[in-house]
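Here is the structure we will look at, set down as structure tokens.
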Amino acid sequence: MRNIEDKTLVKQANLIRISYGAEDDCPLFAALTFDLEKDCCPIFPTAIGMEVGLPKIIRLLEKYKIECTFFATGEIAESYPKTLKEIAKKHELACHSYFHETFDKMTAQKTSRIEESRNVLQRTVNQEIIGFRAPKFLVSGELYQVLARLGFRYDSSLTWFKPQHLRMTPPIQEFRVQLPSAFLNFPLGPRVFMKILKVSSFPVMCFHCWEAVDVRSLLTMPTVNSAYTRYFRPDMWVNTGDGFLGRLESLIGSLLKAGFHFVTLRDYVINLRTSK
Ligand SMILES: [Zn+2]
8 MRNIEDKTLV KQANLIRISY GAEDDCPLFA ALTFDLEKDC CPIFPTAIGM
58 EVGLPKIIRL LEKYKIECTF FATGEIAESY PKTLKEIAKK HELACHSYFH
108 ETFDKMTAQK TSRIEESRNV LQRTVNQEII GFRAPKFLVS GELYQVLARL
158 GFRYDSSLTW FKPQHLRMTP PIQEFRVQLP SAFLNFPLGP RVFMKILKVS
208 SFPVMCFHCW EAVDVRSLLT MPTVNSAYTR YFRPDMWVNT GDGFLGRLES
258 LIGSLLKAGF HFVTLRDYVI NLRTSK
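Throughout, my numbering is defined as the position within the sequence shown, counted from one, plus 7.
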């Protein structure tokens, strides 16, 4: 298994340090993160986002030469091993549970459930997985104890937009998500996104692979779980598909213009934070 401290990363870190040397001691870093999971879990049992949306996102990242962090579920790793291996060549993969189940809904052996979801990712991409994001941003003190015990180096499940998150102080490094991803898709979203990101010391943004697909088109599929469609809120489908991709590209462009450099959360934990 490739270790996180391997030569490639150390070399990358040195390059970053050289690029932002003493004359520029305050570089601006930002992180784009994407959740790889079934479409709008648990409304759709499909993974059109993985098959149709993700390649479009990857093309966009390649266009701007951006590295980012993908939080994948264990079942996605099992269904799309080649895709994940390909992603891991350039980006970071992190853990997003096994079946996108929330911690409180897991039955017994919660620790081994999370451990197995990490292990399947590690086996798939042959790299150490050090990050976790809780499905639906649902966290608890118990979950953090488990993550710390399993040796996760960071978590990115807390947000600035859920009041119950504001008082939580996890025992491992935390990367709070700035805004709900769907916010970008509403009329004033991009402008508000930029304003908030500019005042953050390290903006972390979270999106989903299925946002790059027109999610409403999935409603016509015979496999839709009608028991869940009442939870299909506008923020899940407004401006998804090409609308989302256009806004994401303009957000990336604005951040680059404002002087931000995109890094993975792993690089931030291992290389950048300690280089200051
Ligand atoms: Zn998710």
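All C-beta atoms, glycine included, are put in the ideal place defined by N, C-alpha and C.
- Query: Among residues of its own chain, excluding the 5 on either side of L263, which ones have a beta-carbon nearer than 6 Å to its beta-carbon?
  - Reply: To locate residue 263, count along the sequence shown from 1; it is residue 256. Same-chain partners within the cutoff: there are none.
- Message: So for A84, helix, strand or coil by DSSP?
- Response: Taking the first residue of the sequence shown as position 1, residue 84 is located at position 77. Note: A84 maps to helix in three-state DSSP.
- Item | Under the three-state DSSP convention, the category Y151 falls into | Stepping through the sequence shown from its first residue, residue 151 is reached at position 144. Y151: helix per DSSP, three-state reduction.
- Message: Here's a check: name, in chain order, each residue in its chain whose Cβ is nearer than 6 Å to the Cβ of A189, leaving out the five neighbours to either side.
- Response: Position 182 of the sequence shown holds residue 189. Cβ neighbours of A189 beyond the five flanking positions: D242.
- Message: In the DSSP assignment, the alpha helix (DSSP H) including D249 goes from what residue to what residue?
- Response: For the purposes of this step, residue 249 is taken as residue 242 along the sequence shown, with counting starting at 1. It spans 249 to 264 - the alpha helix (DSSP H) in which D249 sits, taken as one unbroken run.
- Simplified DSSP assignment, three categories, for T118: Your numbering for residue 118 matches position 111 in the sequence shown. Here T118 sits in helix by DSSP.
- Query: Between V127 and A84, which are expected to be in contact by the criterion C-beta below 8 Å, what is the C-beta distance as a whole number of angstroms?
  - Reply: Locating residue 127 in the sequence shown gives position 120, counting from the first residue. Locating residue 84 in the sequence shown gives position 77, counting from the first residue. Correct: roughly 5 Å between the Cβ atoms.
- Query: How is the alpha helix (DSSP H) around M201 delimited, first residue to last?
  - Reply: Walking along the sequence shown from the start, residue 201 turns up at place 194. Taken as a continuous stretch (DSSP letters only), the alpha helix (DSSP H) holding M201 covers 196 to 206.
- Task: Give the single residue among G196, W217, G138 whose Cα lies nearest to the Cα of F159.
- Result: On the sequence shown, residue 159 is found 152 positions in, with the first residue counted as 1. Nearest C-alpha to F159: G138.
- Buried or exposed: which applies to K72, given that a residue is buried once 16 or more other Cβ atoms fall within 10 Å of its Cβ? Residue numbering aside, residue 72 sits at position 65 when the sequence shown is read from its first letter. So K72 ends up on the exposed side.
- Task: Name the two residues that bound the continuous beta strand (DSSP E) containing M212.
- Result: Residue numbering aside, residue 212 sits at position 205 when the sequence shown is read from its first letter. First-last of the beta strand (DSSP E) with M212: 211 to 215.
- Does DSSP classify I231 as helix, strand or coil? If you number the sequence shown from 1, residue 231 lands on position 224. Here the sequence assigns Val to residue 231, which means Ile is not the residue at that position. Looking at V231 - three-state DSSP - the assignment turns out to be coil, as it is neither helix nor strand.
- Message: Looking at the strands, I want to know which residues DSSP matches up with G138.
- Response: Here residue 138 corresponds to residue number 131 of the sequence shown, with the count starting at 1. Answer is Y161.
- For K117 and N278, the rounded distance between their alpha carbons: Along the sequence shown, one-based indexing puts residue 278 at 271. Along the sequence shown, one-based indexing puts residue 117 at 110. Looking at the two C-alpha atoms, the distance is approximately 31 Å.
- How about V211 and Q185: are their beta carbons less than 8 Å apart? Position 204 of the sequence shown holds residue 211. Position 178 of the sequence shown holds residue 185. Contact: yes.
- Query: Under the three-state reduction of DSSP, which class applies to T109: helix, strand or coil?
  - Reply: Position 102 of the sequence shown, counted from the first residue, corresponds to residue 109. T109: coil per DSSP, three-state reduction.
- Message: Measuring CB atoms only, is the segment 77 to 95 touching the segment 249 to 263, in the sense that at least three cross pairs come out at less than 8 Å?
- Response: no
- In three-state terms, what does DSSP make of Q180? Here the question's residue 180 lines up with position 173 in the sequence shown. Of the three classes helix, strand and coil, the one that applies to Q180 here is strand, per DSSP.
- Buried or exposed: M57, going by 16 or more other Cβ atoms within 10 Å of its Cβ? Translated into positions along the sequence shown, residue 57 becomes position 50. Classification for M57: buried.
- Do you know whose CA, among E135, D42, E93, L61, lies nearest D274's CA? Walking along the sequence shown from the start, residue 274 turns up at place 267. Among E135, D42, E93, L61, the Cα nearest to that of D274 is on E135.
- Task: Compute the distance between the beta-carbons of A155 and P178, then report whether it is under 8 Å.
- Result: Residue 155 sits at position 148 when you count from the first residue of the sequence shown. Residue 178 sits at position 171 when you count from the first residue of the sequence shown. Yes, the pair counts as a contact, with Cβ atoms nearer than the cut-off.
- What's the C-alpha gap between T166 and K143? The residue you call residue 166 lines up with position 159 of the sequence shown. The residue you call residue 143 lines up with position 136 of the sequence shown. Going from the Cα of T166 to the Cα of K143 covers about 11 Å.
- Query: Does the distance from the C-beta atom of F267 to that of F36 stay below 8 Å?
  - Reply: For this step, residue 267 is matched to residue 260 along the sequence shown. For this step, residue 36 is matched to residue 29 along the sequence shown. In contact: F267 and F36 (Cβ atoms closer than 8 Å).
- Answer yes or no: the CB of D42 versus the heavy atoms of ligand 1, is any distance below 7 Å? Sequence index remark: in the sequence shown, residue 42 carries index 35 (1-based). Yes - ligand 1 has a heavy atom lying nearer than 7 Å to the Cβ of D42.
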